[in-house]
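Novice: Here full-length UniProt numbering is used: position 326 in the sequence shown is 326, and no number is missing along the way.
Note that beta-carbon positions come from the ideal geometry of N, C-alpha and C, so glycine has one too.
Keep in mind the model is a prediction, meaning the values are calculated, not measured.
Would you mind keeping the following structure in view while I ask a few things?
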Amino acid sequence: MGKKFLKFEYLLLFAVFTIATCGLVYELVAGTLASYLLGDSVKQFSFIIGVYLFSMGIGSYFSKFLTKNLLNTFIEIEILVGLIGGLSSVILFLMFESINSFQFILYFLVFVTGCLVGLEIPLLMNILKNKVEFRDLVSNVFTFDYIGALLASILFPLVLVPKLGIMGTSLFFGLINVSIAIALCYMLKKEIKKINLLRSKAILSFLILLIVFIFSDKILSFSEGKLYGENIIYTNTTPYQRIVLTHNKSDYRLYLNNNLQFSSADEYRYHEALVHPALSMAKNVSNVLVLGGGDGLAVREILKYKQVKKITLVDLDEGMTKMFKTNTILTGFNKNSLNNSKVSVYNKDAYVWAKNCQGKFDVVIIDFPDPSNYSLGKLYSLNFYATIQKLLKTDAVVVIQTTSPYFAPKSFWCINKTVMQVFPQVDAYHAYVPSFGEWGYTIAINGFGTTFNTVNRKLNNLRFYNYQFDQFNYFSQDMISKDIEINRLDNQILVRYFDDEWGKLQ
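What follows is the structure, given as structure tokens:
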């Protein structure tokens, strides 16, 4: 009896482990998908985790009404968690462009999954309450449950998403859930009632998930084709973002997490406005630092100046920089800039890298993604700009992309005001980029040896920027915002401004 008892107990504890692991993975998938498709990642993740924990409590409450055939019910929950959680990403991808109530479907799936996961521990404790001492039961159940959650949180960003993608990850864990249910049906068949029916349910669910998993790439291509409305010619999922390249007639577009990064038809406007004001007015340009800009397009513009001797590019995502070093379409856009002998690429967190850097630079080009979450918001903070100043030579020039002054004036002027606390000369300017509308920049000089209207060097082959800086720094009243706070690490007010302003356009 002792061996049989241990087998029974630990099989069920392992099932709890898989439900806990898979349940958290499904919520991470939902949160990631919500941030991809809806934007506003901070709010989406917060809401999803909150709904998930609440629904687990609801599930735990209703478990007291389940009093018969507890082992059968436990296995059926394992099947349902696998089936619903596994298919959740497929459902969300396919429905995003089809229905107006997408968020309702999203939170409904989160709620149902949470309720099912919330049923597991009370059910297991009721199944084992007469077979295991209560102290050991509670200790073992919660140990397995929390270890499963820890494993999921570690594997999800480091292994699962980079290797399987969002859709593949949820389907893979759905298969794991249902596989455990099948194993329980065979290994505990003497304790289970109506074993044939339960086993058939589990096998059928496994086959459904397996078929969808096999065709997941085609399903993803179909859903992304509907989402972007363009021919998708390249996709890649890195630990940090989903990269999609589309082609429509003569226009190539790059999307990161569903956000347009550039259009080949007009990106030259954005990058000329970003790079050439700073490179033209700086006293020296021999040593240039680029933070962000892993596409190499800003580097392409910098390399047009023969006086540039060294360019250091720091971008977190190795998948991004590698793609723009090797993909023949993309290297055509950046003129193979990232493979130039003058360019050194470091795939590091710019916040950490800057604090540890001992070098001094003549020009710094900051081309980070918009501050849509706190991780990005720190890169627009007072603390970060103070760190950047320590890397500058006297009269060095810094330029920062600062989102749209038309669509997000509070965000734009918040960044500008924050930079003004650090540098002696600061100005703002903007340029019209058809794919984005009016787009803004903040520029600063680390000294008084030059001015914003100084032109120390110029090129004759630019398509957009004309070296007349004062033509770019006039702002109409609909692009002005006052009473703006400074963005500090301890308030991250910029992220709140950004969420509020861009959220209205969703």
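Relative to the C-alpha of phenylalanine 62, which residue among Lys342, Asn72, Ile445 and Ile121 is closest?
Specialist: Numbered from 1 along the sequence shown, position 62 holds the residue referred to as residue 62. The shortest Cα separation from phenylalanine 62 among Lys342, Asn72, Ile445 and Ile121 belongs to Ile121.
Novice: Sorted by chain position, which residues of the same chain lie with C-beta nearer than 7 Å to isoleucine 147's C-beta, five sequence neighbours on each side aside?
Specialist: For the purposes of this step, residue 147 is identified with residue 147 of the sequence shown, where counting begins at 1. Taken in chain order, the residues that qualify are Phe17.
Novice: Ignoring anything shorter than 4 residues or poking outside the region 322-380, list the alpha helix (DSSP H) runs there in chain order.
Specialist: Listed in chain order, the complete alpha helix (DSSP H) runs (minimum 4 residues) inside the region 322-380 are 328-333, 350-356 and 374-377.
Novice: What separation, rounded to the nearest whole angstrom, lies between the Cα atoms of glutamate 27 and asparagine 460?
Specialist: Position 27 of the sequence shown, counted from the first residue, corresponds to residue 27. Position 460 of the sequence shown, counted from the first residue, corresponds to residue 460. Roughly 53 Å between the two C-alpha positions.
Novice: Out of curiosity, what's the CA-to-CA distance linking alanine 181 and leucine 256?
Specialist: On the sequence shown, residue 181 is found 181 positions in, with the first residue counted as 1. On the sequence shown, residue 256 is found 256 positions in, with the first residue counted as 1. So the two alpha carbons sit approximately 38 Å from each other.
Novice: Bridge partners of isoleucine 208, per DSSP?
Specialist: Counting from 1 along the sequence shown, the entry for residue 208 is found at position 208. DSSP, once it has assigned bridges, lists no residue as partnering isoleucine 208.
Novice: Per DSSP, histidine 430 forms a beta bridge with which residues?
Specialist: Numbered from its first residue, the sequence shown carries residue 430 at position 430. Bridge partners of histidine 430: Gly440.
Novice: What would DSSP say about asparagine 453, mapped onto helix, strand or coil?
Specialist: As a first step, residue 453 is located in the sequence shown; it is residue number 453 there, counting from the start. Coil, per DSSP.
Novice: Compute the Euclidean distance between the alpha carbons of lysine 309 and phenylalanine 361, then round it to the nearest angstrom.
Specialist: Counted from its first residue, the sequence shown places residue 309 at position 309. Counted from its first residue, the sequence shown places residue 361 at position 361. About 11 Å.
Novice: Would you mind reading off the limits of the alpha helix (DSSP H) that contains arginine 300?
Specialist: Numbered from its first residue, the sequence shown carries residue 300 at position 300. Segment 297-302, the alpha helix (DSSP H) holding arginine 300.
Novice: Alpha helix (DSSP H) containing valine 178: first to last residue?
Specialist: Here residue 178 is taken as the residue at index 178 of the sequence shown, counted from 1. Counting along the chain, the alpha helix (DSSP H) containing valine 178 begins and ends at 161-187.
Novice: May I ask which residues mark the beginning and end of the beta strand (DSSP E) holding glycine 447?
Specialist: For the purposes of this step, residue 447 is taken as residue 447 along the sequence shown, with counting starting at 1. Counting along the chain, glycine 447 falls outside any beta strand (DSSP E), and DSSP gives it neither H nor E.
Novice: For asparagine 416, I'd like the list of residues in its chain whose CB is within less than 8 Å of its CB, leaving aside the five on either flank, ordered along the chain.
Specialist: For the purposes of this step, residue 416 is taken as residue 416 along the sequence shown, with counting starting at 1. Around asparagine 416: Thr402, Val426, Ala428 and Thr442.
Novice: Between which two residues does the alpha helix (DSSP H) carrying lysine 417 extend?
Specialist: For the purposes of this step, residue 417 is taken as the residue at position 417 of the sequence shown. Segment 409-420, the alpha helix (DSSP H) holding lysine 417.
Novice: Quick check on valine 455: buried or exposed, where buried means 16 or more other Cβ atoms within 10 Å of its Cβ?
Specialist: As a first step, residue 455 must be located in the sequence shown, where it is residue number 455. Its Cβ having fewer than 16 others within 10 Å, valine 455 is exposed.
Novice: Assuming threonine 394 and lysine 355 make a contact with CB atoms under 8 Å, what is their CB distance in whole Å?
Specialist: Within the sequence shown, numbered from 1, the residue matching residue 394 stands at position 394. Within the sequence shown, numbered from 1, the residue matching residue 355 stands at position 355. About 21 Å separates the two Cβ atoms, so there is no contact after all.
Novice: Taking a contact to mean a Cβ-Cβ separation below 7 Å, would you say serine 481 touches tryptophan 413 in this structure?
Specialist: Start at 1 with the first residue of the sequence shown, and residue 481 comes out as number 481. Start at 1 with the first residue of the sequence shown, and residue 413 comes out as number 413. In contact: serine 481 and tryptophan 413 (Cβ atoms closer than 7 Å).
Novice: How far does the beta strand (DSSP E) with phenylalanine 262 in it reach, from first residue to last?
Specialist: Locating residue 262 in the sequence shown gives position 262, counting from the first residue. Where phenylalanine 262 is concerned, the enclosing beta strand (DSSP E) stretches over 259-263.
Novice: Would you identify the three-state DSSP class for isoleucine 484, choosing helix, strand or coil?
Specialist: For the purposes of this step, residue 484 is taken as the residue at position 484 of the sequence shown. Isoleucine 484: coil per DSSP, three-state reduction.
Novice: From the DSSP output, which residues share a beta bridge with threonine 312?
Specialist: The sequence position of residue 312 within the sequence shown is 312, counting from 1. Threonine 312 is bridged to Leu289 and Ser344.
Novice: Touch check for the region 203-223 and the region 166-180: three-plus C-beta pairs under 8 Å?
Specialist: Output reads yes: the region 166-180 touches the region 203-223.
Novice: Can you tell me the Cβ-Cβ gap for isoleucine 445 and valine 419, rounded? I've got them flagged as a contact below 8 Å.
Specialist: For the purposes of this step, residue 445 is taken as the residue at position 445 of the sequence shown. For the purposes of this step, residue 419 is taken as the residue at position 419 of the sequence shown. Their Cβ separation, rounded to whole angstroms, is 11 Å, which puts isoleucine 445 and valine 419 out of contact at 8 Å.
Novice: Between which two residues does the beta strand (DSSP E) harbouring arginine 253 extend?
Specialist: The sequence position of residue 253 within the sequence shown is 253, counting from 1. Looking at the DSSP string, the run of the beta strand (DSSP E) that includes arginine 253 is 251-256.
Novice: For isoleucine 232, which of helix, strand or coil comes out of DSSP?
Specialist: Taking the first residue of the sequence shown as 1, we reach residue 232 at position 232. Three-state DSSP puts isoleucine 232 in a strand.
Novice: Cutting at 7 Å between CB atoms, please list the residues of its own chain near leucine 33, excluding the five before and the five after it.
Specialist: Looking up residue 33 in the sequence shown gives position 33. If we look at leucine 33 and ignore the five residues flanking it on each side, its Cβ neighbours are Ser89, Leu92 and Ile166.
Novice: For glycine 292 versus aspartate 315, is the C-beta spacing smaller than 7 Å?
Specialist: Looking up residue 292 in the sequence shown gives position 292. Looking up residue 315 in the sequence shown gives position 315. A contact, by the Cβ cut-off of 7 Å.
Novice: Please report how far the alpha carbon of serine 450 lies from the alpha carbon of aspartate 490, in whole angstroms.
Specialist: For the purposes of this step, residue 450 is taken as residue 450 along the sequence shown, with counting starting at 1. For the purposes of this step, residue 490 is taken as residue 490 along the sequence shown, with counting starting at 1. For clarity, residue 450 is threonine in the given sequence; the question names serine instead. Using only the alpha carbons, I get a separation of about 34 Å.
Novice: Tell me whether the beta-carbon of valine 25 lies closer than 7 Å to the beta-carbon of phenylalanine 173.
Specialist: Counting from 1 along the sequence shown, the entry for residue 25 is found at position 25. Counting from 1 along the sequence shown, the entry for residue 173 is found at position 173. Yes, they are a contact pair.
Novice: Could you give the first and the last residue of the continuous beta strand (DSSP E) run that contains threonine 246?
Specialist: Indexing the sequence shown from 1 puts residue 246 at position 246. Start and end: 242-248.
Novice: Give me the residue from Gly319, Asp266 and Tyr270 with the minimum Cα distance to glutamine 241.
Specialist: Residue numbering aside, residue 241 sits at position 241 when the sequence shown is read from its first letter. When each option's Cα is compared against that of glutamine 241, the closest is Gly319.
Novice: For the alpha helix (DSSP H) that contains alanine 278, what are its first and last residues?
Specialist: Counting from 1 along the sequence shown, the entry for residue 278 is found at position 278. Segment 267-281, the alpha helix (DSSP H) holding alanine 278.
Novice: Whether or not the region 264-275 and the region 244-255 are in contact is what I'm after, with contact meaning three or more pairs of Cβ atoms, one per stretch, closer than 8 Å; do they touch?
Specialist: Contact holds: three or more Cβ-Cβ distances are below 8 Å.
Novice: Closer than 7 Å by C-beta to glutamine 389: which residues in its own chain qualify, once you throw out the five before and the five after it? Chain order, please.
Specialist: If you number the sequence shown from 1, residue 389 lands on position 389. Excluding sequence neighbours, glutamine 389 sits near Val422, Phe423 and Asn446.
Novice: Bridge partners for residue 588 per DSSP, in chain order?
Specialist: As shown, the chain starts at 1 and ends at 506. That puts residue 588 outside it, with no answer to give.
Novice: Per DSSP, what kind of secondary structure is isoleucine 192 in: helix, strand or coil?
Specialist: Numbered from its first residue, the sequence shown carries residue 192 at position 192. Note: isoleucine 192 maps to coil in three-state DSSP.
Novice: Report all residues from its chain with a CB closer than 7 Å to the CB of lysine 410; omit the five preceding and five following residues, and keep chain order.
Specialist: The residue given as residue 410 occupies position 410 in the sequence shown. Closer than 7 Å at the Cβ level, and outside the excluded window around lysine 410, lie Ser481, Ile484, Tyr497 and Glu501.
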